[in-house]
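Here's the structure we're looking at; comments come further down.
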Amino acid sequence: MIALGGTAVLLQRYQELKQEHLQSKAIEIDPSVTGTRGENLPWFWTMNADLEAGNWMSEFLRVKFHRAKANVDRCTEEVELLKMEMQWTANFFQHHSDKWQQFAAEAEAKEDVGRACFAKKQAKTWGTLHKQVITSIHRFRLA
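Sequential numbering from 0 applies to the sequence shown in numbering that gives the first Met the number 0.
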């Protein structure tokens, strides 16, 4: 259009085709984030998009939207699962710490110093792991 000497209206509608317009990206961008709503889609894909007409372009945009939404939903679900797994890990470590504390108490009642010492060491190890997980949960605001 530039070489043909098109009018300003035509040049505004039919922009110069650049190399980055011809590249496709494998990742989808969250459409709810400001400024990223057509970032994967070059200008020439949306120049005649009429969502009310029911044409193939509106179907293309609909599919694109639903793919992006599915991607966001998967990420949201993954975050929820990771939060639960972190809490399960903390509960697991706390359970083992409590179990070894109980073993230590039983060994002390039987005056078995060696087993009591080992059980206390294990209880402390599991307790330390529990505290580290809890600290990480709070540091990354996963609680």
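Ideal Cβ placement from N, Cα and C applies to all residues, glycine included. Remember, it's a predicted structure, so these values are computed and weren't measured experimentally.
What distance in whole Å lies between the Cβ atoms of His129 and Phe92, which are believed to be in contact at a cut-off of 8 Å?
Indeed, because the Cβ distance is near 4 Å, the residues count as touching under 8 Å.
Under a Cβ-count criterion, where at least 16 other Cβ atoms within 10 Å of its own Cβ denotes burial, should Ser96 be classed as buried or exposed?
Residue environment for Ser96: buried (at least 16 other C-beta atoms within 10 angstroms of its C-beta).
Residues of its chain near Ala106, where Cβ-Cβ distance is below 6 Å and the 5 sequence neighbours each way are ignored
Excluding residues within five positions, the ones whose Cβ falls inside 6 Å are Arg114, Ala115 and Ala118.
For Ala67, count neighbouring Cβ atoms within 10 angstroms of its own Cβ and tell me buried if that reaches 16, exposed if not.
So Ala67 ends up on the buried side.
Three-state class that DSSP yields for His107 in the structure shown
The question names His, but residue 107 in the sequence shown is Glu. Helix, per DSSP.
What distance in whole Å lies between the Cβ atoms of Gln100 and Ala122, which are believed to be in contact at a cut-off of 8 Å?
Indeed, because the Cβ distance is near 4 Å, the residues count as touching under 8 Å.
Considering only the alpha carbon of each residue, which of Lys109, Val112 and Met85 lies closest to Gln131?
Ranking Lys109, Val112 and Met85 by Cα distance to Gln131 puts Met85 first.
Note down, in chain order, each residue of its chain lying with its Cβ closer than 8 Å to the Cβ of Leu81, except the 5 sequence neighbours on either side.
The beta carbon of Leu81 sits closer than 8 Å to those of Leu141, all from its chain and outside the five residues before and after it, given in chain order.
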